[in-house]
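The sequence shown begins at 0 in numbering that gives the first Met the number 0 and counts up one residue at a time.
Using N, Cα and C, we set each Cβ at its ideal position, and we do this for glycine too.
Data block below; observations after.
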Amino acid sequence: MKASKTSRTAQYMAFFRALETKRYENERLFSDPYAIHFIDSKLRLAVNLSPYPFFRKYIGDIINKKIPGALSSGIARTKYIDNLLENAISKGVEQVIILGAGFDTRAVRLGFLKSIPVIEIDHPNTSNFKAEIYKKRIGKIPENVTFLQIDFNKEDLNQLATKHHLDFSKPTAVIWEGVTNYLTEEAVKSTFSFISKFANNSHIIFTYVHKDILQNPDSFIGGKKLLEDLENIEEHWTFGLLPEDVPSFLNQFDIKLSEDLGADEYRERFLPDRSEKGYEFYRTAIGVKDLGHSFAI
Numbered sequence: 000m001k002a003s004k005t006s007r008t009a010q011y012m013a014f015f016r017a018l019e020t021k022r023y024e025n026e027r028l029f030s031d032p033y034a035i036h037f038i039d040s041k042l043r044l045a046v047n048l049s050p051y052p053f054f055r056k057y058i059g060d061i062i063n064k065k066i067p068g069a070l071s072s073g074i075a076r077t078k079y080i081d082n083l084l085e086n087a088i089s090k091g092v093e094q095v096i097i098l099g100a101g102f103d104t105r106a107v108r109l110g111f112l113k114s115i116p117v118i119e120i121d122h123p124n125t126s127n128f129k130a131e132i133y134k135k136r137i138g139k140i141p142e143n144v145t146f147l148q149i150d151f152n153k154e155d156l157n158q159l160a161t162k163h164h165l166d167f168s169k170p171t172a173v174i175w176e177g178v179t180n181y182l183t184e185e186a187v188k189s190t191f192s193f194i195s196k197f198a199n200n201s202h203i204i205f206t207y208v209h210k211d212i213l214q215n216p217d218s219f220i221g222g223k224k225l226l227e228d229l230e231n232i233e234e235h236w237t238f239g240l241l242p243e244d245v246p247s248f249l250n251q252f253d254i255k256l257s258e259d260l261g262a263d264e265y266r267e268r269f270l271p272d273r274s275e276k277g278y279e280f281y282r283t284a285i286g287v288k289d290l291g292h293s294f295a296i
């Protein structure tokens, strides 16, 4: 990411959520009335035209041509993570930490989080931009939300935690969406080590890309073009995992894998009537901190 700009991919995810919000109430997976405030004027125009069938099809066709499968994958993933988070709260989680929060608006759009402390940690450029949007267009930063700033490849989460007195004794839900693929392996492992310090019954919801997309992008629909486009905006991918390696990878941090789904699977779960191919390399997993068991892999 260029130092003077917010993440372009974070803006695209907000764009996808804004498009979903414009669908008829009985058709959409969720409503995110805040997402439109985080996108530029051209994308806002597309969102405002999207209720008209002709424009909705036209917009969808353009997105699918440029990034096959990204729209439906992003929408289904958003709903999937919403559900995983709600389930974690129902099981006793007392605080939420969103690493690399981007333009995630869960703290303000999900009713079950209204009384839950939400700590958002992100790059200063994106974090500052988001805070200003909340202040200028939504009115204020929600009382339950705290913004903390860090460059994940250069700074230490442990120092940040000490400085801001993060409470590791509370069962915590950590959301790490759309980030691991941009980091070094060392940074990913360091972050999981940090996450493992939270109390038993803490939940980690994270995304990752199939390692093969980095080594053989032609094996996935639109993979090669996507990686080239990311290089052009200086948001290239650097880390991936093989799905079969995820349980043992988490095991070293005392985290037990609960579920790991690819885009095809969470699309089928939440969007069975919106057939679309592509983005199969993108995956979402949830693990639970559990010191009481030994995880044999």
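* Using the rule of at least 16 other Cβ atoms within 10 Å of the residue's Cβ for burial, across every protein chain shown, is residue 67 buried or exposed? -> Under a 10 Å Cβ-count criterion, residue 67 is classified as buried, with 16 or more other Cβ atoms of the shown protein chains found around its own Cβ.
* To do: Below 7 Å CB to CB, which residues in the same chain sit around residue 21 once its five sequence neighbours on both sides are set aside?
  => Only 46, 49 and 50 meet the Cβ criterion.
* Asked: CA-CA distance, residue 58 and residue 14?
  -> Put simply, the backbone Cα of residue 58 is about 11 Å away from that of residue 14.
* Using the rule of at least 16 other Cβ atoms within 10 Å of the residue's Cβ for burial, across every protein chain shown, is residue 23 buried or exposed? -> Residue 23 should be labelled exposed.
* To do: Go ahead and label residue 251 buried or exposed: buried means 16 or more other beta carbons lie within 10 angstroms of its beta carbon, across all protein chains shown.
  => By the neighbour-count criterion, in which a residue is buried when 16 or more other Cβ atoms sit within 10 angstroms of its Cβ, residue 251 is exposed.
* **Simplified DSSP assignment, three categories, for residue 23** => The DSSP-derived three-state label of residue 23 is coil.
* Asked: How about the stretch 165–172 and the stretch 126–146: do they share at least three Cβ pairs that are nearer than 8 Å?
  -> By the criterion of at least three beta-carbon pairs nearer than 8 Å, the stretch 165–172 is not in contact with the stretch 126–146.
* **residue 16 classed as buried or exposed, judged by whether at least 16 other C-beta atoms fall within 10 angstroms** => Buried, by the Cβ-count rule.
* Asked: Pairing CB atoms from the stretch 70–85 with CB atoms from the stretch 255–271, are three or more of them under 8 Å?
  -> These segments touch.
* Asked: From residue 117 to residue 93, what does the alpha carbon distance come to, in whole angstroms?
  -> Answer to the nearest angstrom: the Cα atoms are 10 Å apart.
* Asked: Exposed or buried, residue 281, counting other C-beta atoms within 10 Å across all chains shown (16 or more means buried)?
  -> By the neighbour-count rule (16 or more Cβ atoms within 10 Å), residue 281 is buried.
* Closest to residue 200 by CA distance: which of 232, 134, 162 and 288 is it? -> That would be 288, whose Cα lies nearest to the Cα of residue 200.
* Asked: What residues in its chain sit with their C-beta under 7 Å from that of residue 179, if we drop five residues either side in the sequence?
  -> Residues 187, 205, 206, 207 and 238 of the same chain have their beta carbon placed closer than 7 Å to that of residue 179, with the five preceding and five following residues left out of the count.
* **Where residue 301 sits in the DSSP three-state scheme** => Because residue 301 is not part of the residues shown, which for the chain are 0 to 296, the question remains open.
* To do: Just mark residue 38 as buried or exposed, buried being the case when its beta carbon has 16 or more other beta carbons within 10 Å.
  => Residue 38 should be labelled buried.
* Measure the Cβ-Cβ separation of residue 96 and residue 80 and say whether it is below 8 Å. => No, these two residues do not count as a Cβ contact at 8 Å.
* To do: Below 7 Å CB to CB, which residues in the same chain sit around residue 258 once its five sequence neighbours on both sides are set aside?
  => Once the five neighbours on either side are set aside, the close Cβ partners of residue 258 are 284 and 285.
* Thinking residue 34 and residue 104 are a contact (beta carbons under 8 Å), I'd like their distance in whole angstroms, please. => The C-beta distance from residue 34 to residue 104 rounds to 6 Å, short enough to meet the 8 Å contact threshold.
* Asked: Are residue 253 and residue 195 close, meaning C-beta to C-beta below 8 Å?
  -> Yes; because the gap between Cβ atoms is below 8 Å, this pair is in contact.
* Asked: Between the C-alpha atoms of residue 130 and residue 123, what's the straight-line distance to the nearest angstrom?
  -> Cα-Cα distance, rounded: 10 Å.
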